[in-house]
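Going line by line, the protein sequences match chains A and B. Under UniProt numbering, think of the first position of the first sequence as 1, with each following residue one higher. Under UniProt numbering, think of the first position of the second sequence as 1, with each following residue one higher. Think of the CB as a built atom: it goes at the ideal place given N, C-alpha and C, for glycine as much as any other residue. Scroll down for the structure; my scribbles are underneath it.
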Amino acid sequence: MYTALNRKRNATSPNVGPSSLPYEQTEQSKNEPKQMIVLEWLFLTIAPCDAAEPWQLGSQDAATPMMQGIIDLHHDIFFFLILILVFVSRILVRALWHFHYKKNPIPQRIVHGTTIEILRTIFPSIIPMFIAIPSFALLYSMDEVVVDPAITIKAIGHQWYRTYEYSDYNSSDEQSLTFDSYTIPEDDLELGQSRLLEVDNRVVVPAQTHLRIIVTSADVLHSWAVPSLGVKCDAVPGRLNQTSILVQREGVYYGQCSEICGTNHAFMPIVVEAVSRKDYGSRVSNQLIPQTNQIAEA
Amino acid sequence: MAESATAKSPSLSEQYLLKGKEEKLESIKPVEETPIENPVSASEEEVAPKTEETPVSVESSEGAPAAAAEESSEASDATAVESSEAPTDADEGVSGAAPAANEGSSESTEEEKSGDEEAAEETPEIKLETAPADFRFPTTNQSRHCFTRYIEYHRCVAAKGEGAPECDKFAKYYRSLCPGEWIDRWNEQRENGTFPGPL
Ligand SMILES: [Cu+2]
C-alpha cells in the first residue's frame, strides 16, 4: 500500500528526482518509533487491567458489582460536577470580561433580586440530593450481607505481612489452612511481575461465589484494600470486620495496605487470585491433604 | 445457596432481586436460633426432651436434600418443608430443614465437581459452606458473632456431652469466624478457668 502510494505520487508530481528517495526512506523509518509509542500507550493502558498502571487516571476495571456501582456513581456525580463547573466559570469569566472602565463605564449595581435569590437557593439544594440518593443506596448495599456466604476467609494483618486462614474445612481447632503472604523483594522479581505488588502466597478464591472476608489485625491498624474488587476494609486489632464480595470473573487482583502501619507499610501488598470453583476445590484439597497428614504424623 | 447467582454474573439490580428470596430464608432463621438460647438458661429437665426430639430433625434433614436436589428453588422448598414439619415440632423441624436446604445446594456442586475430577484422583470433599449470615449480627463488626458461636458450642457440649453431633455445626461456625489465635487463647483460658464469657 505504501509503495503503491509512492509510485502514484512519483507519477503525478512533476519534480521527481532520485534525491527524493532517501528522504522518503528516512520518513518511513521515522514513522516506526511513532507507531511503537502509540502501540505502547495502547498496550500499557489495556494490558494490566487489575493492577495500577503508569499515569493512570481512572479506576481499575471492576470485578465485583460493588466496584461497578462505585464507578457508575463516580460518573453520575461527575455529570453534576461538570455542569456546575461550566456554569460557574461562565459567570466568572463573563463578570471579569464585562467589568471594564472603557466598555462599561457605569457598572450595574443590583443589590437585591427575589427571582435570582430563590433560584440560587433551590438549585444548589436539589443537586446534593441528586448526588446523595444514589450514594446512600450504594453505601448501604455495600454494608448489607445480601446472601449467605459460601466461604469465609480471614485476612489478618501483621507488621509487615499478611496471614490468611481458610477454616471452613477444619475438623479441629489445630488443623487449619493458614499461610503467610509476604511481598516479593525487588531483586527476586521475575519478568512481568509488578514491583511492590507481587506476593509469594496469593489468596485463592473461587469466582462467582459469595465470599465473606473477615479482616482483623494482630498488632496495629492495617487495611485490606483491593481496588478492582471495591474493597477497603480496615484491620483493627481485637475486632473482626466483615466485608462480602462476589468476584465476577477469574483473574488476579492487586491491592495494598491502606492504613499507615509503620516502616514497611508499602511492602505488604494483597494479591487475590480468582479461579473457577473446580480449581478452587482442588487447590484447597491439595493444600489441605499435606497439612492433615502432617498433623496425623505429628 | 449462592448457586442461583452462579449461573450468570448478576448485576447490582439482579443482586437486589436475590434479596427477596433471601428474606424468606431469613424469616425462618429467627426460629432456628431459639433452641440455642434455651439450654443455656434452662435446667436439665428441659434438655432431656430436646434430646428425645432429635430423631425428628434427623429424619427431616435426611429427607430434605433429596427434595432440594430435585427442585432448583431452595427457598420455596425450605418453606414447603417447614409447613409440613411445623405442626409436629416447630423448633426442631425448622432448624433441621434450613441447614438441609444448604446441604442440598452444596451437594449438587460437589457432584458435578467429583464428576470432573474422578479421573484425576480422589480428593477430600470440599464443601463450599460456611457460617451463615446471622440476623443478630448485621453490622460490619463480627467480633461478637465469633464470640457468641464459640460460647454456643461450649454450652452445647456442656449440655449434650462431648462429641454430640448437634454441636458440630457450632464448632464449624466459630472456626470459620474466629481467628485461630483467638481460639487458642480462649481454649487456654478455659483450661485455666479464666475464661471471661458465660459458659
Ligand atoms: Cu499495614
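Proximal residues of chain A, C-beta to C-beta of residue i below 9 Å
| i | result |
| --- | --- |
| residue 196 of chain B | The contacting residues do not exist; residue 196 of chain B stays about 13 Å from chain A at best. |
| residue 128 of chain B | 150, 151, 168, 206, 209, 277, 280, 281 |
| residue 185 of chain B | Correct list: empty, because the minimum Cβ distance to chain A is about 11 Å. |
Cβ-Cβ separation, residue j to residue i (assumed contact under 8 Å), whole Å
| i | j | result |
| --- | --- | --- |
| residue 200 of chain A | residue 184 of chain A | 6 Å |
| residue 217 of chain A | residue 237 of chain A | 5 Å |
| residue 234 of chain A | residue 221 of chain A | 6 Å |
| residue 166 of chain B | residue 160 of chain B | 6 Å |
| residue 181 of chain A | residue 162 of chain A | 5 Å |
| residue 64 of chain A | residue 230 of chain A | 5 Å |
| residue 128 of chain B | residue 153 of chain A | With a Cβ gap of about 12 Å, residue 128 of chain B and residue 153 of chain A do not count as contacting. |
| residue 244 of chain A | residue 196 of chain A | Wrong, their Cβ atoms sit about 28 Å apart, outside the cutoff. |
| residue 206 of chain A | residue 277 of chain A | 5 Å |
| residue 80 of chain A | residue 127 of chain A | 6 Å |
| residue 253 of chain A | residue 272 of chain A | 4 Å |
| residue 265 of chain A | residue 219 of chain A | About 12 Å; that fails the 8 Å criterion. |
| residue 226 of chain A | residue 270 of chain A | 6 Å |
| residue 149 of chain B | residue 133 of chain B | Going by Cβ atoms, the distance from residue 149 of chain B to residue 133 of chain B rounds to 13 Å, so no, they are not a contact pair. |
| residue 141 of chain B | residue 240 of chain A | 7 Å |
| residue 228 of chain A | residue 60 of chain A | 5 Å |
Interface partners of residue i on chain A, CB under 8 Å
| i | result |
| --- | --- |
| residue 192 of chain B | Chain A residues near residue 192 of chain B: none, gap ~16 Å exceeds 8 Å. |
| residue 142 of chain B | 214, 240, 241, 242 |
| residue 136 of chain B | Simply none; closest approach about 13 Å. |
Neighbour list for residue i in chain B, Cβ cutoff strictly below 9 Å
| i | result |
| --- | --- |
| residue 60 of chain A | Result: empty, since nearest Cβ-Cβ is about 18 Å, beyond 9 Å. |
Partners in chain B for residue i, counting only beta-carbon separations shorter than 8 Å
| i | result |
| --- | --- |
| residue 165 of chain A | 179, 180 |
Item to check | Contacting positions in the stretch 174-203 of chain A - beta carbon closer than 9 Å to chain B | outcome: 174, 176, 178
Item to check | Contacting positions in the stretch 204-225 of chain A - beta carbon closer than 8 Å to chain B | outcome: 206, 208, 209, 210, 212, 214, 216, 218
Item to check | the stretch 160-179 of chain A touching the stretch 141-148 of chain B, judged by at least three CB pairs closer than 8 Å | outcome: no
Checklist entry - Between the stretch 149-170 of chain B and chain A, which residues of the former have a C-beta closer than 7 Å to a C-beta of the latter? => result none
Next on the checklist: If the cut-off is 7 Å on Cβ atoms, which residues from the stretch 128-162 of chain A count as contacting chain B, listed in chain order?
Outcome noted: 143, 145, 146, 147, 148, 149, 150, 151, 152, 154, 156
Checklist entry - Counting Cβ pairs, one atom from each stretch, are 3 or more of them under 8 Å apart for the stretch 258-274 of chain A and the stretch 77-95 of chain A? => result no
Item to check | At least three beta-carbon pairs within less than 8 Å, the stretch 49-61 of chain A to the stretch 102-110 of chain A | outcome: no
Checklist entry - Does the stretch 132-149 of chain A touch the stretch 78-87 of chain A, meaning 3 or more C-beta pairs lie closer than 8 Å? => result no
Checklist entry - Which of the residues in the stretch 237-253 of chain A, read from start to end, lie with their CB under 8 Å from any CB of chain B? => result 238, 239, 240, 241, 242, 243, 246, 248, 249
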